[in-house]
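In terms of our numbering, the sequence shown is numbered consecutively and its last residue is 255.
All residues carry an ideal CB built from backbone N, CA and C; glycine is no exception.
Reviewing the structure listed below.
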Amino acid sequence: MDGIPSNDNEQLYQELLAVAKTLIERYQWKLLASTEVAQRALRASGGNDQPKSELDRIKLHYSLALYQACYFGPLELRTIAYTDLHQYLYAIARSSRWADHAEDISNRAIVLVHEQINRCEKPNAFLMFAQLQLRRACTEHVRAIRRELPIGTVLEVVYDPDEDRASLLDREACLRMVLALIGALPAPQRQIILLKFLEALDDERISERLHLSISNVRVIRHRTLTQLRANQQLRQQCLHAELI
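Here it is, written out as structure tokens:
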């Protein structure tokens, strides 16, 4: 597919694009533009093996692009891909119990990914494969720290990689549910919320995008947020995913 998709798929494309922009901005990824990864996800949307959530679809196609660039790409692309991967792993490490060691741990994880990439059995799950290497790197780092401490020293925080991984997966599951609940809103409520909080557009740009007056955008957003705040399921998921 070239350019913007047909009108029939415009809504899905915009939702995929909003998620792609959020992920790419969050991790400062450079390998693929948000439009490209959204178009790839849209092209594959009819397949039976495609995830249901927009977040998982975008991650699947970015994972595949990262794998291909890291494994088969020319030097320039490999450099960009490994930099993207490092940004992702560093962000995860920064949110773990060992945030002060995030740089060392993520650097070691990148080395492990490079050494073990031929063992990645699912290229479209390359980000998950990289997370496993991050766990291994963190375990190695903690053991190294313990070896350097005087005998009898007890670390104040005990690292449990399984617990950290479970927490990360749980948070992503919550985020998928939040997006699904928002996705169930009727247009233009859904579009205004996605444009405001995922694309970070101001009211003026939202009004231009949706061909609504600024006052209408504000009224619809206010009513929608009031409705969402009254949804206890959504509120609990947002709190659990650390979104509010």
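- With a threshold of 16 other beta carbon atoms within 10 Å, Asp95 meets it and is buried.
- Between His72 and Ala44, the beta carbon gap of about 12 Å keeps them out of contact (Cβ cut-off 8 Å).
- The segment 72–89 and the segment 115–123 do not touch, with fewer than three beta-carbon pairs separated by less than 8 Å.
- Trp40 and Pro197 have their C-alpha atoms spaced approximately 31 Å apart.
- By the beta-carbon neighbour count (other beta carbons within 10 angstroms, threshold 16), Phe83 is exposed.
- Contact between Tyr38 and Tyr99 is confirmed by a C-beta separation of about 5 Å, below the 8 Å threshold.
- Remark: C-beta atoms of Ile69 and Leu27 approach each other more closely than 8 Å.
- The three-state reading of DSSP puts Cys81 in helix, counting H, G and I together.
- Put simply, the backbone Cα of Lys133 is about 23 Å away from that of Ala104.
- Following the DSSP letters along the chain, one finds Lys32 inside the alpha helix (DSSP H) bounded by residues Glu21 to Tyr38.
- By the CB criterion at 8 Å, Tyr101 and Ala110 fall outside the cutoff.
- Taking all protein chains shown into account, Val228 has 16 or more neighbouring C-beta atoms within 10 Å of its C-beta and is therefore buried.
- An exposed status is given to Glu87, since fewer than 16 other beta-carbon atoms sit within 10 Å of its beta-carbon.
- Beta-carbon to beta-carbon, Cys81 and Ile128 are separated by about 6 Å, close enough to satisfy the 8 Å threshold.
- Check the Cα spacing between Leu236 and each of Leu123, Glu126, Arg89 and Ile193: the tightest is with Ile193.
- Here Ala55 is not near Leu205, since their CB atoms are 8 Å or more apart.
- For His125, the enclosing alpha helix (DSSP H) has its first and last residue at Ala113 to Gln127.
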